[in-house]
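Engineer: I am attaching a structure below and will ask some questions about it afterwards.
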Amino acid sequence: MPNWEDRYRFLVQLGRKLEPLDDEQKVEVNRVKGCTSNVWLVPTLSDDDPPRMDFRADSDAHIVKGLVALLLIIHGRRTPEEILELDARAILERLDLQAHLSPSRSNGLFAMVERIRELAGAAAGRKAN
């Protein structure tokens, strides 16, 4: 996308496509620590062989909801091992998001990435690096 305003609008549209979480899912155990806005991330593990992870997420901030939607696209339908091997930071750097995010939003974005990795590590039975 040519400019940041278009990217911003795209992220907000992505966030609007997320199905809202139920109040029962918006609990502390699902909240991502390190985000200024409230972000909740709920993992699921499929019965496939090998099992694949998917995530549901929500946020109370439009741009953050779009960022988490982008992360779900990057990480969704992968095995826990694939998620742990994925260099999400490199993907995000290629998208040049950090140049247009405040430091607190950028930190929150990487907190979401780390939480996804923690959940994948737990599903894989090992600690994320």
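Going by the numbering used here, the sequence shown opens with residue 2, and the numbers climb by one from there.
Just so it is clear, CB atoms sit at the ideal spot from N, CA and C, and this is done for glycine as well.
Just so we're clear, the structure is a prediction, and the values are computed from it rather than from any experiment.
To which residues does DSSP link P44 through a beta bridge?
Structural biologist: Answer by DSSP bridge pairing, in chain order: F56.
Engineer: Whole-angstrom Cβ separation of L19 and D59, contact assumed at under 8 Å?
Structural biologist: At roughly 6 Å, the Cβ-Cβ gap stays under 8 Å, so L19 and D59 are in contact.
Engineer: Starting from the C-beta of L110, find all residues in its chain whose C-beta is less than 6 Å away, skip the five residues before and the five after it, and write them out in chain order.
Structural biologist: Closer than 6 Å at the Cβ level, and outside the excluded window around L110, lie L68.
Engineer: Under the DSSP definition of a beta bridge, which residues are partnered with R79?
Structural biologist: Answer is M54.
Engineer: Could you check the C-alpha separation between L42 and V65 for me, to the nearest Å?
Structural biologist: Taking the straight line from one Cα to the other gives about 12 Å.
Engineer: Restricting to Cα atoms, I'd like to know which of D55, M54, R106 is closest to V40.
Structural biologist: The shortest C-alpha separation from V40 is found at R106.
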